[in-house]
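Colleague:
Protein chains in written order, with this note's numbering: chain A, 436 to 653; chain B, 6 to 319.
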């Protein structure tokens, strides 16, 4: 674990470069602890796969004191065990057809049927490692390696809101219409992000998710 | 009737901005906010607002606005030939405009972005505690978008005019700027020669630049490693380098996290200068120390403190 500045407005806490539930849990837990301890004194605390960024105002921050607080709390999360099984968020998905225009391409890549892709995508429980890209976009993993097709060579200019995609070992749902390069296999009506809700983002880092087919491909 | 700004012509890209939507990046919500936070805050202080009141960020080609209700206004940052009902008015000073006044932004003289503050602030609805417009996620500001002809922006009732009405603004760059940088968190992904190239060559801001970031045209920056780091949090001013070697300077609408190695970060003191650059302008980067960055930031902020000091307190 290292703590170092990124420019003069952010401290970055980093663990070994890995996509690993235990490392990710450390990052999320550190972000929670720091929120409670110094959340009032900094701009933002942001966990990612294996790092935490602490954004601060350099004119109003004693960097030495901040580093000390971060180091103290980081030591507390060093020996965390893997998550206990938590509640699972279920997301209903209409797989294939116009809702999942890349389902057949993923099946061809995997050398299986479209129904097999759906079965493999919907049979796993995924972990939300982090949110980013646009509000409410959750990076989830890991996708069954037999269907972990890479991003499209040419991204789409317009991916409809609710589209469910695969990009290698990651899967996710586009909360709003946006450009995007993930392989689209289905679509959901679940509202992933709504700024007017008490908790705007449906998913938080560390959550567990299952996709439930509400329609199988023809 | 509530006071409002009626947009007659929107200009190239005019958006509502405040100091940004902080505290929600863990949910993927980008911060947004002004490209030049110094000029945004100075304009607010000149009309007696708190530094975080919402202003209009005006980009390259200015708007024409009609005031429905009297207001005190100040424009800081980029210099335009401005008129109020045809009479020239100055940048960097507060001015009272009467109801029905048409504020016209004419030819741009220097800089890229002007900030129009109005006494009391622009009162578009708050989204997650902020009025900042984030264009890509269509959040905040006026319906999450740049202004269009016919828009009406509600104004808050104004506090009494402050005594101080003028301040020296930024020294605006003209076609090129020198920006000081600190080594980035993935400096070890690059050979020493890449940092030398970054700090010895002028980079041109590509036309494919926007509020999210400036793509920088110049010699490609080589890397010592293949692949990409795993996505991690990003800060304003970070310079990330995709595998093709064309650096991107991350600006106000940057994503919350990203997976390209970062060779350097522009210091806070120089970000307002970066915000006054336009496509086609050149940037020279110069390495500095954390101590230099702190000293430079205090010097940068001094004019803002002077405005506050000269404002009488009750």
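For glycine and all other residues, C-beta sits at the position ideal for the given N, C-alpha and C.
Quick one: residues in its chain with C-beta nearer than 6 angstroms to the C-beta of residue 578 (chain A), no 5 flanking neighbours on either side, listed in chain order?
Modeller: Position 143 of the first chain, counted from the first residue, corresponds to residue 578 (chain A). Answer for residue 578 (chain A): 601, 604, 606, listed in chain order.
Colleague: Leaving out the 5 sequence neighbours to the left and right, which residues in its chain are closer than 6 angstroms to residue 24 (chain B) when beta-carbon positions are compared?
Modeller: The sequence position of residue 24 (chain B) within the second chain is 19, counting from 1. For residue 24 (chain B), where only same-chain residues beyond five positions count, the Cβ hits under 6 angstroms are 38, 57.
Colleague: Are residue 615 (chain A) and residue 242 (chain B) close, meaning C-beta to C-beta below 8 angstroms?
Modeller: If you number the first chain from 1, residue 615 (chain A) lands on position 180. If you number the second chain from 1, residue 242 (chain B) lands on position 237. Not closer than 8 angstroms, so no.
Colleague: Spell out a yes or no on whether the stretch 71-85 of chain B and the stretch 95-110 of chain B are touching, meaning 3 or more CB-CB pairs, one atom from each, closer than 8 angstroms.
Modeller: Yes: at least three Cβ pairs fall under 8 angstroms.
Colleague: Taking 8 angstroms as the threshold (C-beta atoms), are residue 50 (chain B) and residue 276 (chain B) in contact?
Modeller: Locating residue 276 (chain B) in the second chain gives position 271, where the first residue counts as 1. Locating residue 50 (chain B) in the second chain gives position 45, where the first residue counts as 1. No.
Colleague: Along the chain, where does the beta strand (DSSP E) containing residue 111 (chain B) start, and where does it finish?
Modeller: The count along the second chain starts at 1 and reaches residue 111 (chain B) at position 106. From DSSP, the beta strand (DSSP E) with residue 111 (chain B) extends over 107-123.
Colleague: Answer yes or no: does any C-beta atom of chain B fall closer than 8 angstroms to that of residue 613 (chain A)?
Modeller: Against the first chain, residue 613 (chain A) aligns to sequence position 178. So, interface residue.
Colleague: Just the chain B side, please: which residues come within less than 7 angstroms of residue 514 (chain A) by C-beta, in chain order?
Modeller: The count along the first chain starts at 1 and reaches residue 514 (chain A) at position 79. Neighbours of residue 514 (chain A) in chain B, taken as residues at a C-beta separation under 7 angstroms, are lacking, since the least C-beta distance is about 22 angstroms.
Colleague: Using the Cβ count rule (16 or more neighbours within 10 Å means buried), how would you classify residue 319 (chain B)?
Modeller: Numbered from its first residue, the second chain carries residue 319 (chain B) at position 314. Here residue 319 (chain B) scores only 48 on pLDDT, less than 50, and its place in the model should not be relied on; the value that follows carries that caveat. Residue 319 (chain B) should be labelled exposed.
Colleague: In whole angstroms, what separates the C-alpha of residue 92 (chain B) from that of residue 492 (chain A)?
Modeller: To locate residue 92 (chain B), count along the second chain from 1; it is residue 87. To locate residue 492 (chain A), count along the first chain from 1; it is residue 57. Straight-line Cα distance between these residues: approximately 40 angstroms.
Colleague: Could I get the ranges of all uninterrupted alpha helix (DSSP H) runs contained in the stretch 192-269 of chain B, with 4 residues as the minimum, in chain order?
Modeller: Runs of the alpha helix (DSSP H) inside the stretch 192-269 of chain B: 197-205.
Colleague: Terminal residues of the continuous beta strand (DSSP E) containing residue 289 (chain B)?
Modeller: Stepping through the second chain from its first residue, residue 289 (chain B) is reached at position 284. Segment 287-292, the beta strand (DSSP E) holding residue 289 (chain B).
Colleague: At the level of alpha carbons, what is the spacing between residue 102 (chain B) and residue 20 (chain B)?
Modeller: Position 97 of the second chain holds residue 102 (chain B). Position 15 of the second chain holds residue 20 (chain B). In this structure, the CA atom of residue 102 (chain B) is about 21 angstroms from the CA atom of residue 20 (chain B).
Colleague: Count the C-beta pairs between the stretch 208-216 of chain B and the stretch 227-240 of chain B that are closer than 8 angstroms, then say yes if the count reaches three, no if not.
Modeller: no
Colleague: By the three-class DSSP mapping on this structure, what secondary structure does residue 614 (chain A) have?
Modeller: The residue you call residue 614 (chain A) lines up with position 179 of the first chain. Residue state, collapsed to three classes: strand.
Colleague: Run through the DSSP bridge pairs and tell me what residue 160 (chain B) is partnered with.
Modeller: Position 155 of the second chain holds residue 160 (chain B). In the DSSP output, where bridge partners are listed per residue, residue 160 (chain B) has B:127.
Colleague: Check distances from the C-beta atoms of the stretch 241-271 of chain B to those of chain A and list, in chain order, the residues that come in under 8 angstroms.
Modeller: 241, 242, 243, 260, 261, 262, 263, 267, 270, 271
Colleague: Are residue 88 (chain B) and residue 111 (chain B) close, meaning C-beta to C-beta below 8 angstroms?
Modeller: What you label residue 88 (chain B) is simply residue 83 of the second chain in a count that begins at 1. What you label residue 111 (chain B) is simply residue 106 of the second chain in a count that begins at 1. Taking 8 angstroms as the Cβ cut-off, residue 88 (chain B) and residue 111 (chain B) qualify as a contacting pair.
Colleague: Specify the secondary structure class of residue 730 (chain A) as computed by DSSP and reduced to three states.
Modeller: Past the boundaries of the shown model lies residue 730 (chain A); chain A is included only from 436 to 653, so the question cannot be answered.
Colleague: Which chain B residues are close to residue 568 (chain A), counting only those with a beta carbon under 7 angstroms from its beta carbon?
Modeller: Taking the first residue of the first chain as position 1, residue 568 (chain A) is located at position 133. Identification of chain B residues near residue 568 (chain A) by a Cβ-Cβ cut-off of 7 angstroms yields 33, 260, ordered along the chain.
Colleague: Can you list the residues of chain B that residue 452 (chain A) reaches, using a CB-CB cut of under 9 angstroms?
Modeller: Counting from one through the first chain, the residue named residue 452 (chain A) turns up at place 17. Taking the beta carbon of residue 452 (chain A) as reference, the chain B residues within 9 angstroms of it are 234, 235, listed in sequence order.
Colleague: Buried or exposed for residue 22 (chain B), please, with buried defined as at least 16 other CB atoms from any protein chain shown within 10 angstroms of its CB.
Modeller: The residue you call residue 22 (chain B) lines up with position 17 of the second chain. Looking at its Cβ environment, which holds 16 or more other Cβ atoms inside 10 Å, residue 22 (chain B) is buried.
Colleague: Using the Cβ count rule (16 or more neighbours within 10 Å means buried), how would you classify residue 440 (chain A)?
Modeller: Within the first chain, numbered from 1, the residue matching residue 440 (chain A) stands at position 5. With 16 or more other Cβ atoms within 10 Å, it is buried.
Colleague: Do you know whose CA, among B:151, B:127, B:188, B:133, lies nearest residue 158 (chain B)'s CA?
Modeller: Here residue 158 (chain B) refers to the residue found at position 153 of the second chain. Closest by alpha carbon: B:127.
Colleague: Grab the span of the beta strand (DSSP E) containing residue 76 (chain B) for me, first residue to last.
Modeller: In the second chain, the residue the question calls residue 76 (chain B) occupies position 71. Counting along the chain, the unbroken beta strand (DSSP E) around residue 76 (chain B) starts and ends at 76-89.
Colleague: Should residue 40 (chain B) be flagged as near chain A, meaning a C-beta pair shorter than 8 angstroms?
Modeller: The residue labelled residue 40 (chain B) in the question sits at position 35 within the second chain. Not closer than 8 angstroms to any Cβ of chain A, the Cβ of residue 40 (chain B) fails to qualify, so no.
Colleague: Any chance the stretch 249-261 of chain B sits against the stretch 145-163 of chain B, with 3 or more Cβ pairs inside 8 angstroms?
Modeller: At 8 angstroms Cβ cutoff, the stretches do not touch.
Colleague: Note down the Cα distance separating residue 206 (chain B) from residue 132 (chain B), rounded to an integer number of angstroms.
Modeller: Taking the first residue of the second chain as 1, we reach residue 206 (chain B) at position 201. Taking the first residue of the second chain as 1, we reach residue 132 (chain B) at position 127. Cα to Cα, the separation comes out at about 41 angstroms.
Colleague: Hey, would you say residue 280 (chain B) sits closer than 8 angstroms to residue 118 (chain B), going by beta carbons?
Modeller: To locate residue 280 (chain B), count along the second chain from 1; it is residue 275. To locate residue 118 (chain B), count along the second chain from 1; it is residue 113. Closer than 8 angstroms, so yes.
Colleague: Can you name the start and end residues of the beta strand (DSSP E) that residue 648 (chain A) belongs to?
Modeller: Locating residue 648 (chain A) in the first chain gives position 213, counting from the first residue. Here the beta strand (DSSP E) through residue 648 (chain A) covers 643-650.
Colleague: With 9 angstroms as the limit, tell me which residues of the stretch 479-490 of chain A have their beta carbon closer than that to any beta carbon of chain B; keep them in chain order.
Modeller: 479, 480, 481, 482, 483, 484, 485, 486, 487, 488, 489, 490
Colleague: Alpha carbon to alpha carbon, what distance is there between residue 559 (chain A) and residue 598 (chain A)?
Modeller: Numbered from its first residue, the first chain carries residue 598 (chain A) at position 163. Numbered from its first residue, the first chain carries residue 559 (chain A) at position 124. C-alpha separation (whole angstroms): 18 angstroms.
Colleague: Look at the alpha carbon of residue 445 (chain A) and the alpha carbon of residue 135 (chain B), and state the distance between them as a whole number of angstroms.
Modeller: For the purposes of this step, residue 445 (chain A) is taken as the residue at position 10 of the first chain. For the purposes of this step, residue 135 (chain B) is taken as the residue at position 130 of the second chain. Spanning the two alpha carbons is a distance of roughly 21 angstroms.
Colleague: Determine the chain A residues that contact residue 141 (chain B) at a beta-carbon separation under 8 angstroms, and present them in chain order.
Modeller: If you number the second chain from 1, residue 141 (chain B) lands on position 136. Neighbours of residue 141 (chain B) on chain A, chain order: 569, 613.
Colleague: Report buried or exposed for residue 147 (chain B), applying the criterion of at least 16 other Cβ atoms within 10 angstroms of its Cβ.
Modeller: To locate residue 147 (chain B), count along the second chain from 1; it is residue 142. Residue 147 (chain B) should be labelled buried.
Colleague: Using 8 angstroms as the limit for Cβ to Cβ distance, is residue 55 (chain B) near chain A?
Modeller: Counting from one through the second chain, the residue named residue 55 (chain B) turns up at place 50. Not one chain A Cβ lies under 8 angstroms of residue 55 (chain B).
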